[in-house]
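J.: To start, I am sharing the structure in question, which I have written as structure tokens.
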Amino acid sequence: VTFIGNMHGGCLAALCDHCLGLVLYPVMPPGSWAATTEFKVNYLRPVSGGTCRATAEVRSMTKRSAVVTIEVENEGRLVAVAQGTCTVKLAEEKTDGD
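Quick note on our numbering: the sequence shown kicks off at 22 and runs consecutively.
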């Protein structure tokens with residue numbers, strides 16, 4: 022919380038960055054990984070209390086990168102939107118002969 026009683030924007034950015042990578046793991050093979058290469062946050066209104074909820078959606082994904090959008094709501098009101106790109110390293114799939 023800042024000295025004026027609002028959530029610090031860096032906390033919202035960290036939440037967005039966490040969701041940016043986390044949303045990719047269910048759609049990648051086990052052993053794969055993703056790392057944020059860039060992201061941008063638009064702060065729409067201050068957060069001064071209550072609970073924040075982030076929703077992330079994969080917009081595009083290739084074997085090497087993914088683009089994700091994130092919306093953050095506070096008590097039902099949209100407070101931030103973000104978009105980011107992740108580098109993706111897919112695990113090599115093993116065949117029965119491996």
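Just so you know, even glycine gets a beta-carbon here, dropped at the ideal spot from N, CA and C.
1) Provide the residue(s) that pair with Ala-77 in DSSP beta bridges, ordered along the chain.
2) Could you give the residue range of the alpha helix (DSSP H) that holds Val-105?
3) When we look at the beta-carbon of Leu-41 and count the other beta-carbons within 10 Å, is it buried (16 or more) or exposed?
4) In the DSSP assignment, find the unbroken alpha helix (DSSP H) run with Leu-41 in it and report its ends.
5) Quick one: what's got a C-beta closer than 8 Å to Met-49's C-beta in the same chain, skipping five residues either side?
6) Taking the continuous beta strand (DSSP E) assigned at Tyr-64, which residues delimit it?
7) Comparing C-alpha positions only, which one of Phe-24, Cys-32, Ile-25 sits nearest to Thr-72?
8) Determine, using beta carbons only, whether Val-44 and Val-68 come nearer to each other than 8 Å.
9) As a quick exercise: from Ala-34, Thr-23, Gly-30, Glu-92, pick the residue whose alpha carbon is nearest that of Thr-76.
T.: Put simply:
1) As a position in the sequence shown, residue 77 is number 56, starting the count at 1. Its beta-bridge partners are Ile-91.
2) Taking the sequence shown and counting its residues from 1, the one referred to as residue 105 is at position 84. Note that residue 105 is Gly in the sequence shown here, rather than Val. That residue, Gly-105, is in no alpha helix (DSSP H); its beta strand (DSSP E) goes 98 to 110.
3) Start at 1 with the first residue of the sequence shown, and residue 41 comes out as number 20. Looking at its Cβ environment, which holds 16 or more other Cβ atoms inside 10 Å, Leu-41 is buried.
4) Taking the sequence shown and counting its residues from 1, one reaches residue 41 at position 20. Start and end: 30 to 43.
5) Position 28 of the sequence shown holds residue 49. Excluding residues within five positions, the ones whose Cβ falls inside 8 Å are Ala-55, Val-109, Leu-111, Ala-112.
6) As a working note, residue 64 is residue 43 in the sequence shown. Per DSSP, Tyr-64 belongs to the beta strand (DSSP E) from 54 to 64.
7) Residue numbering aside, residue 72 sits at position 51 when the sequence shown is read from its first letter. Among Phe-24, Cys-32, Ile-25, the Cα nearest to that of Thr-72 belongs to Cys-32.
8) Translated into positions along the sequence shown, residue 44 becomes position 23. Translated into positions along the sequence shown, residue 68 becomes position 47. For Val-44 and Val-68, no; Cβs fall outside 8 Å.
9) For this step, residue 76 is matched to residue 55 along the sequence shown. A check of alpha carbon separations from Thr-76 across Ala-34, Thr-23, Gly-30, Glu-92 identifies Glu-92 as the nearest.
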